[in-house]
Each structure stands twice: as structure tokens, then as C-alpha cells.
Amino acid sequence: MPEFEPVIGLEIHVQLKTRTKMFCGCALSFGEEPNTRTCPVCLGHPGTLPVTNAEAVHFGLMIGMALGCEPAPRSIFHRKNYFYPDLPKGYQISQYDIPLARDGRLGDIRIHRVHLEEDAAKLVHAGESGRIHSAEASIVDFNRGGTPLVEIVTEPDVRSAAQASEWLRLLRVTLRQLGVSDVNMEEGSLRCDANVSIRPAGEQTLGTKTELKNMNSFRFLERGVEAEIERQEGILRGDGTVTQETLHFDPRTGALSPLRSKEEAHDYRYFPEPDLVPVAPTEEMLQRARDALPELPAQRAERLESELGLAPDAAKLLAFRSELGDFFEAAVAADGADPGAIANWVTGEVVARVGDEDPAATKLEPGALAKLVGMVGEGAVAASAAKDVLAKLVSDGGDPAAIVESEGLGRAGGDELAEIVEKVMAENADAVQKVRDGNDKAIGALMGPVMRETKGTADGAEVQRLIRERL
Amino acid sequence: MSADLLGLTGAQAAAKVAGGEIDAGELFGAYRERAAAEKLNAFLWVAEEAPAVADGPLGGVPLAVKDLFCTEGVHSAAGSRILEGYRPPYTSTAVRNLTEAGATLLGKTNMDEFAMGSSNENSGYGPVKNPWDETRVPGGSSGGSAAAVAAGLAPWAIGTDTGGSIRQPASLCGIVGLKPTYGAVSRYGMIAFASSLDQAGPLTRDVTDAALLFRHMVGRDPCDSTSTGHPEDIKLPEAERVDGMKFGVPPELTGEGVEPGVKEVFEATLKLLEDLGGELVEVGLPHSPHGIAAYYVIAPAEASANLARFDGVRYGPRKGNGDLLSLYEETRAEGFGDEVKRRILLGTYALSSGYYDAYYGTAQKVRTKIADDFRAAFEQVDLIVTPTSPTVAFGLGERTEDPLAMYLSDALTVPMPLAGIPAISIPGGLSDGLPVGIQLAGPAFSENRIFEAAHALEGAIGFDGSSARA
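Chains as they are written, first to last, in the numbering used here: chain A, 1 to 471; chain B, 1 to 470.
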């Protein structure tokens, strides 16, 4: 039996967070009453004409540049013709053979193209299946119709379901960093279709691909692609052939079902949209887009590694969760003695307490964290006690030194610690004897009570030293 | 009083309103009464009362508007049953510009459905009769506007021209019609036929009126990305002569297919041009004979997409049994007329995968060649002169069974919109008692030059259209 290699390409639709729609002046909709964000243009009234949204072009150029693409000197819109009630003009205005930007790369995956288009309206089907063909009635909400979309198409460089979802996370965080979209998969502002084929490992020719739709979370994307790879492997191992088709992923059952052929057997009859002029970005527009690019996650991870010497995992987490990265960098700016230690605290203890929230939204000040980490480093407070201090800083804020002082969490030491050690050794003669007999592990039975007595403020190495002195 | 009022051109009436000599309300009432009682089927809707008159250079002079211009709250169906009862929620830019300049909306005029036709017989609301001979067509597609102006039911009107839809009916009705340079007038609010060709323009009794209306139609419109406005101020023409001007006479658009009576008037006009100081030069437009073929690929292709929105979902009559497919099929089967269906099918075919390059691609190349021909010609001459229509007005029903013969009615007018250039038709005389139009075409944005030459020629011809207004 040959081993199979999956070949996966992704098509991502991103709803842009512009002020108005792609081709008219309507404000974008965020859950308003149906059909309240409409005008004659986005309802496709007779005689209306589209006008390209300059901000959408700007955002599109930013995305293209962030993905390392070359912006086209002159891109054009086409009409993509098909009948559907969510498409008021009977055609979608979309870029076709000359997209806004092409030939880029994000991480390991090459970008084929980035283009602009308009979103369809939303259909609500009354009926059991929730699909149009068996619906008793369908209601159209045109609020979403005409929302600007950027479509990003990758080259078929993805080789596994896990890689697909990991790369999509990188794309999402990159787009979020650009501030051009809400990039929320559940709400549909980030949508991903996957083209999946498999071939015997080592072969160069591509197998027959299928297109997977409706995977509206990272988990569903991974599950859907995984299921499709398995399905295709099953077919090929059974000497069957894969049919080129579009498959609908059902997140409830994990099943893939073909969309009815009527829904996909389209000849879209693309032709250049005569109502619009080409998008020809001027040098000013290109410069403005370039200037608007923030540091992108992939670049930030690289900088954190190379300039601050962070471990790759920590650097990646701080870069991909930009709010953590921002908090980290603020802490380093306050006290940059040991960025590695601060990174460990942010990615470990801070994340453990704030979860998916932004630490800046808690009472914890970046400077306070930096000071606490510094105190641990100097031995002024034990690591275990410092965790309690952090909990207090997150919930109440304040100055770590003052908390250590008032809570008596300062490092136990000197005569006081020596007395405690002697007392514990006296009370645990058995353990003392075992250690003397060469059972080094038995020292733990002495360490534990000492740490308990000192409420964790003692330094472990110091306690060991004191015990060994007294053996 | 009324007869005097109705004898005035639009510009004359505007001047008298401005001078306090006549009352705008009375003027409107006189026309309203005539339009409401007309028997030509030129109007699909006539205003009940005079709208509030905006102060302005058009001074409350009533305006007839082709049914495909959207007018807020007022019948705008583009001559189609599929838009029966449609009252748009907004007004087209061209109409708004004119009413802001003081024009008052008198009524909406009949037209070939979605501007597809050359006889006005494709209207969903019945054909229009030619006021010169009621057994004949007024031309199309702006047949209602042309007939209304010719018959004195309106002092002036606006229409649209895609392949000749202003110039050809102007020619057949003995009035003046201008197809402007593409982009000079906003298309926003014009129910689209072929987006890359459609252009709004005036239909008037004389050249001065055409210039005056056009002056108030032009302008760059932020709602129409393809609109450019006009680089020149539009002047009212005063020329009496055309000294030093060179007129190109292209054999391709003046010979074959032009009937003898039309040729006679055309040749007499050429002589007049020489008498007025003009010079005649033969120029070649070698690709123009392919204009009709290219036009009948490009225009239907664009139309097939432009008319897809008429699906019964959001406006207009809704047919079918409640199922989505039957909603589409029955709404469109019952709503569209035969010619519209024919062109949707043609256009859909031309854009189909596997045929696109052979049809749409080739047609676009021909279009470029036609534009190149004109560019080369205008290096030698100032304007090109041809007959507007190969024939005078033909009989109602005469060509309805033969679409190709009907399409050839546009042979002399189609090349100009394909090249995006302006052209005017003015009455050159009569042939067997029916008007013959003369076409003057110029380079892009040469409307001022066209008006001057047309004005001089008009004075020399001395055409009298008053009998049609009786």
C-alpha cells in the first residue's frame, strides 16, 4: 500500500471593517434589524451604479503587502453572473483575471492572489433542513449584501489538516494586527474553503481535488480536511476514483455531503464590469498602505527571538497574541534586565491567570510584573511566593514590594530560617538518618516541612545548604 | 395665447419666463393638457399638476423624459411590463441636474422595452405613432420622446442613445437629437441597457435647444465612476457659416443601403456645407461596416447581465408558484418581450465559456478598430457627415418580422457609440413628405464644434417642422 500525501490549498474570505459597503454608502451591519442597512444601490434597483470604496482598496493593498504580494498596477473588476435571491443584481462584482495583488507568501505557504469583491446578502430558510431546496419560505436580509470582501487564495502548499488550521491562525492574527477585519470565524468575518487532493507520496502530478465549504471554526477546518483526506484515501485504496465536486461540511455530524449539482454547475460568464473603472493605485496610495502596516506577527516573533533571545515557543506566543506581546514589551521597557524571565512569566503565570483576556485589562501593571520578576531574580522573594503576589497584582493591582512586605512573603533567611531547619530536623530524625545513610531523596521529607513553615518564602537551595551543614 | 406658447422653442420659452413675459405655470398647463390628450401613445405618464418650479436658467419649461430615467415616486418602467408599477426611490442624476436648473417634469415617454429597438414597436405598452404619418414608426428606442417633441406635446425631451436611440428617432421625426461623448452625462439612474454604450442626450426642436439642455445635463457624478463631465463650457451656438471647417464623407456610411430619397437630401446638404464655406473630404472608416455585428454582440452581452436583476424578488410583478425556479422563470417569461428575450439569449451565448473569445473578445477588438478609424479620420477632418438613418420612417409592422432588417436601421449610427464619440442628427429636409436626418459626428468632447456647424447648417436648411405640431 502506498503512502499518500495530501495537497491542500485554501481560499479565505475576509470581511473588511470599512466604514461603508464595497460599492455604496451604506454603513456595514453588525446585527441590526434585517434590511435596515440598505440603499437603492445595494438592493440592485434599476439604474443604480457601483462606486468602488477607496478604504476597501486601501485595506486590500495593506493585506496584499502584508502577505508579501505584488500589487497590480491596474486591476479590474468583472461580473460573475448567476441567479440567486441573495444576489440582488444577478451578478457579483469580483476581481477575476487581474486581481489587486498576487504572488506572496505567509509563513511556509505561498499566496497565489488577493482580490476584492462584494459579499452576498443573507438568506434565512424556514424549514427543517435550513437549506433552500426544501425550505417552506426563504427570507432575504440585504444588510450584509455588498460588504467588502478580500479573497485570499493560497498555492496548494499545505500538507496536513493540522498545518491548514495552524496556518489559518497565523493568517488570522496577521489580519487582526492590520486592523482591517474582525476575523471572527463563527460570525463569518473570516471564512475558509479548502481544496483537497491526495497523491502517492513522491508523485509530482496532482490528484483530483474536492472543494470543502462551510468550515466555520479552526476545529471544523481541521476535522473537515482530516475527514476528506481519509475519505479520498479510502476511495483510492479501494481502486476507486475521486470525483471533482464541492462538499458541504456538517459540523454537527462531521459528515461531508455533495452540494446539489444545480448549486455548482455554473458557467459564470465572467466579463469586465463596464460600470467601474480599473483600480490603478497611485504611488501615494501604495505609500499610504505601506505606512499603515504595523509590525506583523511573523516579523515580531523573529525579532523577539533574535533581539531579545526568547525561546521560539515563547516568541511565537507573544507575537501571535499581540496583546501578550504588547504587555511583555511594556514590562521589558519598564525593567529589561531579564527579558527571558519576563517572557516566561507572561506566557506562563500571567496566561494561566488571564486566559484569553488581555492582561492590560486587569489591574496588573507591566512595570509591576517587571519589578516582581526582578525581585525573584535577586532572591528577594521566592518563586512560589511570587505567584501569590502575582495573583494579588492581577486582582487588586499595587506594588509587588509593598505586597511582599505587608503579607510577610519576604524571603525567610538568617537565624529564623536556621531555627526552623533545626526544629524540623529534630522532629524528623528518621529522615535525617536516611539521608546520612546515603538516601539523598529523603532530603525531600525535610524540605517539605521547612517550606510549609516558611509559607514558601524560603529559597530551596538555601534550605538544602542549611540541612547539609547540620547532618 | 396657448398657440403662441406652444410655438416657442425651449430656449425661447425659458427666456420669456425669465423676462416675466410668460408664466411658467401657464406654460406647463398648456403642455400638460396636450400631453394628457395625445393620441400617439408617446407618453406613459403625464404629470397631474405643475411641480414646484426651481429658479434656474431652464425657467420652468416642461421636460419630457424617457421612461428609463428613474424619477422618484414616478412611473419608471423602461417600457417594460417587468417593471409595471415600479416607482423608484430615487431620481437619476441627469433629470436631477435638469430640474435643479429649472426644468419641470411633464411626463415619462414611451420607448422600446429597455431601449432595445429602432421603431418603438418593442414597447411593453404599445407602439408610438409618427406625427408626420401615423401609419409609420417614430423610430426608437427614444420614440416617445422624439414623437412628443415633433408633435409639440413637449417643448423638449431627453432620451438615451446606445446604438442610435436618440439620433435615429430624431431623424425619423424631423427633430434634433444629440448623442454626447460617453461619460459627459452621468448614467446614474438610467435603467441600463448596455453600460459601455448608453448615454443620455437631448431631443429638441432646434440646435440651440439641444445645446441648452445638454449644458445642464453634463457633469462628473460621484455616483457614476465612468462619468467624466465635460472639459469645456457648453456654449449656445451662433455660427451662420462653417468657413474653413473640413467635413469628412465616409463612403462606408453614405453609400450602400441608403435609399435614394435619403441620398438626395444628403447630397443637397453636402452642397449647402460647401456653400457655407466648408470643405468636403472623403475619409475612410473601413471597419464601420462591422459595427452592427460588433454592436449586436457587445450590447446584448452587457444587457444579459444588466437585466438579470429583474427576478421578481425585490420589485416589479412577481409570478410563479412559490418555488424559486418558477419565480425566476415565470416572472421573466411573462415580464420580458420577445426582443428583450432574444437579446438576453444572444448575450448569454456570447459570454458563455468556450464562446467568449470568439464572440465578445472579437467584438471588442472590432470596437477598438472602429475607434482607431475615427481617430485617424479626425486627424484629417473636423467633423464627419452622414445620413442618420438609411431610410425615412417605415410603416408600423413593416420590419417586426425581420429582426436583421430592423438591426440595419442603426447601421449609420452604431459606429459612434462604439467609439464613444458624440454625434448629432438634425433635419435635412423631406423625402416624400417624411423627414430625413443628417448626422454630424466629431471627436470626443467636440460637442461645441458640432453645435456650431449644426447651427449654421440648420439656418441654411431652414427646415420647417411646424406641420407635425399642428
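Backbone N, C-alpha and C fix where the C-beta goes; we use that ideal spot for every residue, glycine too.
Let's test the definition: count the other Cβ atoms within 10 Å of the Cβ of residue i and tell me whether it reaches 16, buried, or not, exposed.
i, result
"Ile-111(A)", "buried"
"Gly-244(B)", "exposed"
"Lys-262(A)", "Summary for Lys-262(A): the model assigns pLDDT 47, below 50, so the residue's position carries little reliability; its value from the coordinates is reported in the next sentence. Lys-262(A) comes out exposed."
"Arg-113(A)", "buried"
"Ile-403(A)", "buried"
"Ile-139(A)", "exposed"
"Lys-271(B)", "exposed"
"Thr-282(A)", "exposed"
"His-266(A)", "exposed"
"Pro-222(B)", "exposed"
"Phe-30(A)", "exposed"
"Val-385(B)", "buried"
"Val-53(B)", "buried"
"Asp-323(B)", "exposed"
Please list the terminal residues of the continuous alpha helix (DSSP H) segment that includes residue i.
i, result
"Thr-246(A)", "Looking at the DSSP string, Thr-246(A) is not in any alpha helix (DSSP H); the run it does join, the beta strand (DSSP E), is 246-250."
"Pro-366(A)", "366-378"
"Glu-187(A)", "Here Glu-187(A) belongs to no alpha helix (DSSP H), and DSSP marks it neither H nor E."
"Gln-15(A)", "Where Gln-15(A) is concerned, there is no enclosing alpha helix (DSSP H), although the beta strand (DSSP E) it sits in stretches over 4-15."
"Ser-395(A)", "383-396"
"Ser-257(A)", "Premise fails: Ser-257(A) lies in the beta strand (DSSP E), 255-258, not in any alpha helix (DSSP H)."
"Glu-166(A)", "161-178"
"Tyr-355(B)", "Premise fails: Tyr-355(B) is in no alpha helix (DSSP H) and is neither H nor E."
Taking Cβ positions, are residue i and residue j nearer each other than 8 Å?
i, j, result
"Val-484(A)", "Ile-76(A)", "Since the displayed chain A opens at 1 and closes at 471, residue 484(A) lies outside it and no answer follows."
"Ala-350(B)", "Tyr-359(B)", "yes"
"Pro-278(A)", "Leu-206(A)", "no"
"Ala-162(A)", "Glu-118(A)", "no"
"Leu-106(B)", "Ala-14(B)", "no"
"Lys-235(B)", "Asn-448(B)", "yes"
"Ser-123(B)", "Glu-113(B)", "yes"
"Val-176(B)", "Ala-147(B)", "no"
"Ile-298(B)", "Gln-199(B)", "no"
"Tyr-328(B)", "Gly-189(B)", "no"
"Gly-146(A)", "Cys-69(A)", "no"
"Val-262(B)", "Pro-390(B)", "yes"
"Val-471(B)", "Lys-108(B)", "The question about residue 471(B) has no answer, for chain B in this structure spans 1 to 470."
"Leu-87(A)", "Pro-71(A)", "no"
Note down, in chain order, every chain B residue with its Cβ under 7 Å from the Cβ of residue i.
i, result
"Arg-79(A)", "Ala-305"
"Lys-21(A)", "In chain order: nothing, as chain B lies at least about 14 Å away."
Quick one: list the residues of chain A neighbouring residue i, beta-carbon separation under 7 Å, in chain order.
i, result
"Tyr-328(B)", "Phe-83"
"Arg-87(B)", "Residues of chain A passing the Cβ test: none, with the nearest at roughly 11 Å."
"Gly-189(B)", "Gly-47"
"Tyr-90(B)", "Pro-40"
If you follow the beta strand (DSSP E) that residue i is in, where does it begin and where does it stop?
i, result
"Asn-195(A)", "190-200"
"Trp-156(B)", "156-161"
"Arg-506(B)", "Residue 506(B) lies beyond the residue range present for chain B, which begins at 1 and ends at 470; the question has no answer from this structure."
"Val-114(A)", "109-118"
"Phe-336(B)", "Note, Phe-336(B): premise wrong, no beta strand (DSSP E); not H, not E."
Closer than 8 Å by beta-carbon distance: list the chain B residues that pair up with residue i, in chain order.
i, result
"Gly-44(A)", "Arg-309, Arg-314"
"Val-279(A)", "Chain B residues near Val-279(A): none, gap ~11 Å exceeds 8 Å."
"Gly-127(A)", "Here the premise fails: no neighbours, minimum Cβ distance about 13 Å."
So which residues on chain A does residue i lean against when the C-beta distance must stay under 9 Å?
i, result
"Glu-21(B)", "The premise fails here: Glu-21(B) is roughly 37 Å from chain A at the closest Cβ pair, so nothing lies under 9 Å."
"Leu-44(B)", "Residues of chain A passing the Cβ test: none, with the nearest at roughly 15 Å."
List, in order along the chain, the chain A residues whose C-beta lies closer than 8 Å to that of residue i?
i, result
"Pro-222(B)", "Val-51"
"Tyr-360(B)", "Phe-271"
"Thr-348(B)", "Arg-269"
"Cys-70(B)", "His-45, Pro-46, Gly-47"
Can you name the residues of chain B whose CB is closer than 9 Å to the CB of residue i?
i, result
"Lys-546(A)", "Residue 546(A) is absent from the structure shown; chain A starts at 1 and stops at 471."
"Thr-276(A)", "Per the sequence shown, residue 276(A) should be read as Leu rather than Thr. Neighbours of Leu-276(A) on chain B, chain order: Ser-225, Thr-226."
"Val-140(A)", "Val-313, Arg-314"
Every unbroken alpha helix (DSSP H) within the stretch 10-88 of chain B, with a cutoff of 4 residues, ordered by chain
Those alpha helix (DSSP H) runs which fall completely within the stretch 10-88 of chain B and span 4+ residues are 10-18, 24-36.
Residue ranges of each beta strand (DSSP E) run of no fewer than 3 residues wholly in the stretch 161-228 of chain B, ordered along the chain?
176-179, 199-204
Continuous alpha helix (DSSP H) assignments of at least 4 residues falling wholly in the stretch 77-113 of chain A
none
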